[in-house]
Structures are given as structure tokens and as C-alpha cells.
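*Asks:*
In this note's numbering, the protein residues as written are 113 to 251.
(1) Looking at C-alpha atoms only, which residue of 217, 232 and 234 is the closest neighbour of residue 226?
(2) For residue 159, list the residues DSSP reports as bridge partners.
(3) Let me make sure I understand the geometry here. Which of 152, 125, 124 and 145 has the alpha-carbon closest to that of residue 131?
(4) By how many angstroms is the C-alpha of residue 188 removed from the C-alpha of residue 164?
(5) If distances are taken between C-alpha atoms only, which option among 142, 224, 178 and 232 comes closest to residue 162?
(6) Tell me the DSSP secondary structure of residue 171 in three-state form.
(7) Excluding the 5 residues preceding and the 5 following residue 221 in the sequence, name in chain order all residues of the same chain whose CB lies nearer than 7 Å to its CB.
(8) Which two residues bound the contiguous beta strand (DSSP E) that contains residue 225?
(9) One question on the structure: do residue 176 and residue 196 come within less than 8 Å of each other, judged by their Cβ atoms?
(10) Answer with buried or exposed for residue 135, where buried requires no fewer than 16 other C-beta atoms within 10 angstroms of its C-beta.
This is the structure in C-alpha cells:
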């Protein structure tokens with residue numbers, strides 16, 4: 113695991129996985145820098161996001177932070193998977209390559225921070241993050 117000082121990469125376009133999102137809890141909130149906003153997908157476990165980079169970029173870590181102003185820890189992701197592709201950003205497309213997976217290591221407190229890393233030396237234009245399990249919600 114890396115330190116919390118990992119630098120950020122701006123994602124050009126970010127899209128939600130299928131599943132339905134309330135009006136105020138949109139996927140764009142993931143990169144607004146405000147921990148009191150959130151992305152909520154009613155699809156629950158197995159959902160996530162896909163991002164298009166400005167140009168092919170090597171990613172080998174991601175920072176996860178739980179929202180600071182709600183007490184619904186059961187919605188927090190428990191596990192993660194990261195995929196990369198240079199040919200497609202469609203959620204269900206078969207072009208995704210699994211780059212890494214594991215536990216989020218997020219604590220139960222609000223505002224918990226975790227940086228997870230994975231072995232990747234390939235620059236991809238598209239990345240997909242899936243949260244196969246959550247802390248207390250099953251689908």
C-alpha cells in the first residue's frame with residue numbers, strides 16, 4: 113500500500129455504471145474534491161465507474177475516501193477491481209483487462225482514507241473501477 117500522498121490524475125470523462133443514481137449523488141462528485149458529496153449507485157455491489165483519460169496514462173494506484181457527512185457505512189465499498197482498455201469504455205464490453213483487485217481497507221469511520229495499488233506499467237486510455245462487494249448491502 114502506498115502513502116496517502118499519491119498525486120491525483122484528472123479524468124477527462126467519468127461515467128457511472130448502470131444502476132441508477134439520485135440527482136444530487138452523481139458520478140462527477142467523485143472528482144470534485146469535496147468529501148461531503150458522494151456518488152451513489154442504487155445498483156449496489158458490482159457497480160462502479162468508468163473513466164476516459166485525456167491521453168493514455170499509466171495508473172497503478174487509486175485513493176478511496178468515504179464520505180464525511182453520513183453514517184451509512186454499509187454502502188461503502190469493501191472490495192475493488194480495476195480494469196484498463198485502449199479500445200473501449202463501454203461498461204459491458206469485453207475489451208477490459210483486469211489490472212488488480214483486493215480489499216479497499218477503508219475503516220468504518222466517516223472520512224476514512226485508503227490508497228490501494230496494483231501492478232500496471234501499461235498506459236491505457238480507459239479505466240474501469242468495479243466494487244464487487246460493499247460493507248453490508250448485497251444485490
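Every residue gets a Cβ at the ideal spot worked out from N, C-alpha and C, and that includes glycine.
*Replies:* In short:
(1) To locate residue 226, count along the chain shown from 1; it is residue 114. Out of 217, 232 and 234, 217 has the C-alpha closest to the C-alpha of residue 226.
(2) As a working note, residue 159 is residue 47 in the chain shown. DSSP, once it has assigned bridges, lists 243 as partnering residue 159.
(3) Reading the chain shown from its first residue, position 19 is the one you call residue 131. When only C-alpha atoms are compared, the closest one is 152.
(4) Here residue 164 corresponds to residue number 52 of the chain shown, with the count starting at 1. Here residue 188 corresponds to residue number 76 of the chain shown, with the count starting at 1. Looking at the two C-alpha atoms, the distance is approximately 24 Å.
(5) As a working note, residue 162 is residue 50 in the chain shown. Ranking 142, 224, 178 and 232 by Cα distance to residue 162 puts 142 first.
(6) Within the chain shown, residue 171 is the residue found at index 59, counting from 1. Note: residue 171 maps to coil in three-state DSSP.
(7) Position 109 of the chain shown, counting from 1, holds the residue named residue 221. The answer is none, since no qualifying residue turns up.
(8) Sequence index remark: in the chain shown, residue 225 carries index 113 (1-based). Following the DSSP letters along the chain, one finds residue 225 inside the beta strand (DSSP E) bounded by residues 225 to 229.
(9) Taking the first residue of the chain shown as position 1, residue 176 is located at position 64. Taking the first residue of the chain shown as position 1, residue 196 is located at position 84. For residue 176 and residue 196, no; Cβs fall outside 8 Å.
(10) By 1-based counting over the chain shown, the position of residue 135 is 23. Residue 135 comes out exposed.
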